[in-house]
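Read through the structure below, which is laid out as structure tokens, and then see the notes.
Residue numbers (full-length UniProt numbering), protein chains in the order written: chain Y, 1 to 346; chain L, 1 to 346.
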């Protein structure tokens, strides 16, 4: 929150997949010593919490809470979330954080601590900020973000989807075959939310994160999640839900009426996300929202883009834009929807 | 050509469809007096050549030649081409021209001379320039172009297709239902062309535009065209081909080896452009090329995007990017191809 009471809910989102050229084609897990008893071999979870904390200092955010299962460590941060599994790193930060300052240190950290020297795939994305001028220098416009990443990667590919003079969404990825296991990510980025729903996410209206999660319905979005969530003072809410096999959902709520923003993200594999998206928008009642769907060739969701391309409307919302990109291994769909203005009273 | 011998072949391309709210739903052609004997009713061809010349002064280019048939006036310009039909205006200009300076004057001219007060659709597009810093101020980056057009239109929608850190392509259009007759446009934008082919388009190698057109094969790209073309000194070539029913092809060649560029554009209606594109790339032998295909719901070409989405290669060229946008009435496909580097000699 800055002095004007404005908060930039829009997150910067980084997802990186690592591997080790040392273990190439060999079954050489034995070459690695056990670290901390739990983890052996090239694994991002070998990195000490204190080293993650150092990395997050560069971003200007910190760890609030952490929960784990056997496949993933999920962190709630002071500004959004971090998910660490064997070879996949996800960092999502909102506000005035400087996520890109962590990319090069992350690569060094992973190389030195986990012997993982290869970036198999990388995705940096964000919606256009509401107030770009309040961001740290490297994030003030997508050109500077792109130039920063171009200085780190030889095969970077930068895109803008949607309307550049409205709510577009930027992506920087690398032109690789990338991840060779089923993978998909759905994001629902919502603005202009229902004030009554937003009220739930304040200490004035809810006594705890549990209460806010239960009353709003966020905690029931998926069955059988390990939930870790936090209700900020005076308002704001973050939730991580851990599901089996490295699957997650994460929800972040910026309830301030003049800059309300909610993001929903998941990598849960589904053939169609229609039902899940419907649940999410019925819960939050946004005035407008964007969908982004990534799916690679082995993903259950690989044909969901066809369903989306036929939907001129989503519930009461009208589609504004629909774009589809084919990358080497992934397809990406961007769609934006708007609730038409209510008819004036007669 | 500037002092460094660099020429920006990349064109700015404007297409505007006009109509008259005065003739709305009425058969009121009689309300208009005959202008010049040939044209009655709301028709862009009622505009005097001298008024077009004044408009083109704002762009910093001039008319070199003109040919017509009953449906269209086609102009070869000192920098590219202009096509004027009853309700469609196309202006394509290369080099350091300032096309956007003509947009507002064009709207006024059409309103005052032709009683056409409505813009049914508008498309402004260009590839990323090779040397943006040499462009006039309004054209130096897409943000300034977008802001200029946003100042003229309430419902503008601006997009970037392809890689913003490589050869992307920008589009500004308006969010309208737009044109209600079959319409389609194909562009093939080529770079790094074969030097032997480029040699043909110089006065050193060809005695006339006719010879350059015939030797290169450009004149035979379509049967039965009315051809108007021009060979520039010392090199460079422009060609307009008029086909029945307001159809055209236009080809522009910048042959300088260090900045070679060729554009091919047509609105000829075809179910598949595969054969035509193959002809064009076999003729010019580019190192890389972009395709853009617009087709509206009534167009023969409306499903060509599906064919393109399946083509990972085009002849010997590998696909780099493939993007697809659905607008209210048009779909748009952007695809980029690269010739893989030749294997080193053994």
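Quick reminder that beta carbons are idealized off the backbone N, C-alpha and C, glycines included.
* Pull up the distance between the alpha-carbon of residue 220 of chain L and that of residue 158 of chain Y, whole angstroms please. => As a working note, residue 220 of chain L is residue 220 in the second chain. As a working note, residue 158 of chain Y is residue 158 in the first chain. The straight-line gap from Cα to Cα measures roughly 39 Å.
* Asked: Leaving out the 5 sequence neighbours to the left and right, which residues in its chain are closer than 6 Å to residue 337 of chain Y when beta-carbon positions are compared?
  -> Here residue 337 of chain Y refers to the residue found at position 337 of the first chain. Result list for residue 337 of chain Y: 289, 314, 317 and 319, in chain order.
* For residue 343 of chain Y, name the three-state secondary structure that DSSP assigns. => Taking the first residue of the first chain as position 1, residue 343 of chain Y is located at position 343. The answer is coil: DSSP assigns residue 343 of chain Y none of H, G, I, E or B.
* Are the Cβ atoms of residue 75 of chain L and residue 240 of chain L separated by less than 9 Å? -> Here residue 75 of chain L corresponds to residue number 75 of the second chain, with the count starting at 1. Here residue 240 of chain L corresponds to residue number 240 of the second chain, with the count starting at 1. Taking 9 Å as the Cβ cut-off, residue 75 of chain L and residue 240 of chain L qualify as a contacting pair.
* Kindly indicate which three-state DSSP category residue 356 of chain Y falls into: helix, strand or coil? => Only positions 1 to 346 of chain Y appear in this structure, which leaves residue 356 of chain Y out of reach.
* Check whether the Cβ atoms of residue 121 of chain Y and residue 329 of chain Y lie closer than 9 Å to each other. => Along the first chain, read from residue 1 onward, the residue named residue 121 of chain Y stands at position 121. Along the first chain, read from residue 1 onward, the residue named residue 329 of chain Y stands at position 329. The Cβ atoms of residue 121 of chain Y and residue 329 of chain Y lie closer than 9 Å to each other.
* To do: Using a Cβ cut-off of 9 Å, pull out every chain Y residue sitting near residue 322 of chain L, in sequence order please.
  => For the purposes of this step, residue 322 of chain L is taken as residue 322 along the second chain, with counting starting at 1. Correct list: 324, 325, 326 and 327.
* To do: Can you say whether residue 326 of chain Y is buried or exposed, counting buried as having 16 or more other CB atoms within 10 angstroms of its CB?
  => Position 326 of the first chain, counted from the first residue, corresponds to residue 326 of chain Y. So residue 326 of chain Y ends up on the buried side.
* Do residue 162 of chain Y and residue 296 of chain Y have their C-beta atoms within less than 9 Å of each other? -> Translated into the one-based positions of the first chain, residue 162 of chain Y becomes position 162. Translated into the one-based positions of the first chain, residue 296 of chain Y becomes position 296. Judged by beta-carbon spacing, residue 296 of chain Y lies beyond the 9 Å limit of residue 162 of chain Y, meaning their Cβ atoms are not closer than that value.
* **Selection from L:285, L:99, L:279 and L:186 that minimises the alpha carbon distance to residue 332 of chain L** => As a working note, residue 332 of chain L is residue 332 in the second chain. The shortest C-alpha separation from residue 332 of chain L is found at L:186.
* Identify the contact partners of residue 164 of chain Y in chain L, using a Cβ-Cβ distance below 7 Å as the criterion. => Your numbering for residue 164 of chain Y matches position 164 in the first chain. Those within 7 Å of residue 164 of chain Y in chain L are 146, 158, 159 and 160.
* By how many angstroms is the C-alpha of residue 10 of chain L removed from the C-alpha of residue 112 of chain Y? -> As a working mapping, residue 112 of chain Y is identified with position 112 in the first chain. As a working mapping, residue 10 of chain L is identified with position 10 in the second chain. Cα to Cα, the separation comes out at about 47 Å.
* To do: For chain Y, find out if any of its Cβ atoms is closer than 9 Å to the Cβ of residue 143 of chain L; answer yes or no.
  => Start at 1 with the first residue of the second chain, and residue 143 of chain L comes out as number 143. Yes, residue 143 of chain L counts as interfacial toward chain Y.
* Asked: In this structure, does DSSP put residue 146 of chain Y in helix, strand or coil?
  -> Residue mapping note: residue 146 of chain Y aligns to position 146 of the first chain, counting from 1. In the displayed model, residue 146 of chain Y falls within a helix according to three-state DSSP.
* Minimum Cβ-Cβ distance from residue 309 of chain L to chain Y less than 9 Å -> As a working note, residue 309 of chain L is residue 309 in the second chain. Yes, residue 309 of chain L counts as interfacial toward chain Y.
* From this set, L:205, L:323 and L:54, which residue's C-alpha is nearest residue 234 of chain L's C-alpha? -> Translated into the one-based positions of the second chain, residue 234 of chain L becomes position 234. Nearest to residue 234 of chain L by C-alpha distance, out of L:205, L:323 and L:54, is L:205.
* Proximal residues, the region 45–79 of chain L versus chain Y, C-beta separation under 8 Å -> Listed by position, the residues of the region 45–79 of chain L near chain Y (Cβ gap below 8 Å) amount to none.
* To do: Please name the residues in the region 288–303 of chain L whose beta-carbon is closer than 8 Å to at least one beta-carbon of chain Y, in chain order.
  => If the cut-off is 8 Å between Cβ atoms, the region 288–303 of chain L has nothing near chain Y.
* Asked: Quick one: what's got a C-beta closer than 6 Å to residue 15 of chain L's C-beta in the same chain, skipping five residues either side?
  -> Here residue 15 of chain L refers to the residue found at position 15 of the second chain. Closer than 6 Å at the Cβ level, and outside the excluded window around residue 15 of chain L, lie 90 and 123.
* Close-in-space but distant-in-sequence residues of the same chain around residue 144 of chain L (CB under 6 Å, 5 per side omitted) -> Taking the first residue of the second chain as 1, we reach residue 144 of chain L at position 144. Leaving aside the five residues that flank residue 144 of chain L on each side, the residues in its chain whose CB is nearer than 6 Å to its CB run, in chain order, 138.
* For residue 158 of chain L, the residue or residues it bridges with in DSSP -> Counting from 1 along the second chain, the entry for residue 158 of chain L is found at position 158. Answer by DSSP bridge pairing, in chain order: L:172.
* Asked: Using a Cβ-Cβ distance under 9 Å, would residue 167 of chain Y count as near chain L?
  -> For the purposes of this step, residue 167 of chain Y is taken as residue 167 along the first chain, with counting starting at 1. Judged by the 9 Å Cβ criterion, residue 167 of chain Y is not in contact with chain L.
* In angstroms with no decimal places, state the Cα-to-Cα distance between residue 230 of chain Y and residue 131 of chain Y. => If you number the first chain from 1, residue 230 of chain Y lands on position 230. If you number the first chain from 1, residue 131 of chain Y lands on position 131. In a straight line, the C-alpha of residue 230 of chain Y is about 25 Å away from that of residue 131 of chain Y.
* Nearest-angstrom Cβ-Cβ length linking residue 192 of chain Y and residue 95 of chain Y, presumed shorter than 8 Å -> In the first chain, residue 192 of chain Y corresponds to position 192, counting from 1. In the first chain, residue 95 of chain Y corresponds to position 95, counting from 1. Not confirmed; about 19 Å, so no contact.
* Asked: Contact check, residue 283 of chain Y vs residue 217 of chain Y under 8 Å by CB: the rounded distance?
  -> Taking the first chain and counting its residues from 1, one reaches residue 283 of chain Y at position 283. Taking the first chain and counting its residues from 1, one reaches residue 217 of chain Y at position 217. Contact between residue 283 of chain Y and residue 217 of chain Y is confirmed by a C-beta separation of about 5 Å, below the 8 Å threshold.
* Quick one: grab the DSSP three-state call for residue 16 of chain L. => As a working note, residue 16 of chain L is residue 16 in the second chain. Correct three-state label for residue 16 of chain L: strand.
* Nearest-angstrom Cα separation, counted from residue 285 of chain L out to residue 197 of chain L -> On the second chain, residue 197 of chain L is found 197 positions in, with the first residue counted as 1. On the second chain, residue 285 of chain L is found 285 positions in, with the first residue counted as 1. The alpha-carbon atoms of residue 197 of chain L and residue 285 of chain L are separated by roughly 8 Å.
* **chain Y within 9 Å of residue 330 of chain L, Cβ atoms only** => Stepping through the second chain from its first residue, residue 330 of chain L is reached at position 330. No - not a single Cβ of chain Y is within 9 Å of the one on residue 330 of chain L.
* Residues of its chain near residue 155 of chain Y, where Cβ-Cβ distance is below 7 Å and the 5 sequence neighbours each way are ignored -> Taking the first chain and counting its residues from 1, the one referred to as residue 155 of chain Y is at position 155. Hits under 7 Å: 174, 175 and 176.
* To do: Kindly indicate the opening and closing residues of the beta strand (DSSP E) around residue 126 of chain Y.
  => Here the question's residue 126 of chain Y lines up with position 126 in the first chain. Following the DSSP letters along the chain, one finds residue 126 of chain Y inside the beta strand (DSSP E) bounded by residues 118–127.
* **Sequence-distant residues of its chain with Cβ nearer than 8 Å to residue 133 of chain L (five each side left out)** => To locate residue 133 of chain L, count along the second chain from 1; it is residue 133. Annotation for residue 133 of chain L: 140 place their beta carbon closer than 8 Å to its own, counting only its chain and skipping 5 residues before and after.
* Could you tell me which residues DSSP pairs with residue 286 of chain L in its beta bridges? => Position 286 of the second chain holds residue 286 of chain L. Residue pairing for residue 286 of chain L: DSSP places it in a beta bridge opposite L:193.
* Asked: Under 9 Å between C-beta atoms, does residue 175 of chain L make it to chain Y?
  -> In the second chain, counting from the first residue as 1, residue 175 of chain L sits at position 175. Residue contact check for residue 175 of chain L against chain Y: a CB pair falls below 9 Å.
* Asked: For chain L, is any of its Cβ atoms less than 9 Å away from the one on residue 154 of chain Y?
  -> Within the first chain, the letter at position 154 stands for residue 154 of chain Y. Chain L has no Cβ within less than 9 Å of the Cβ of residue 154 of chain Y.
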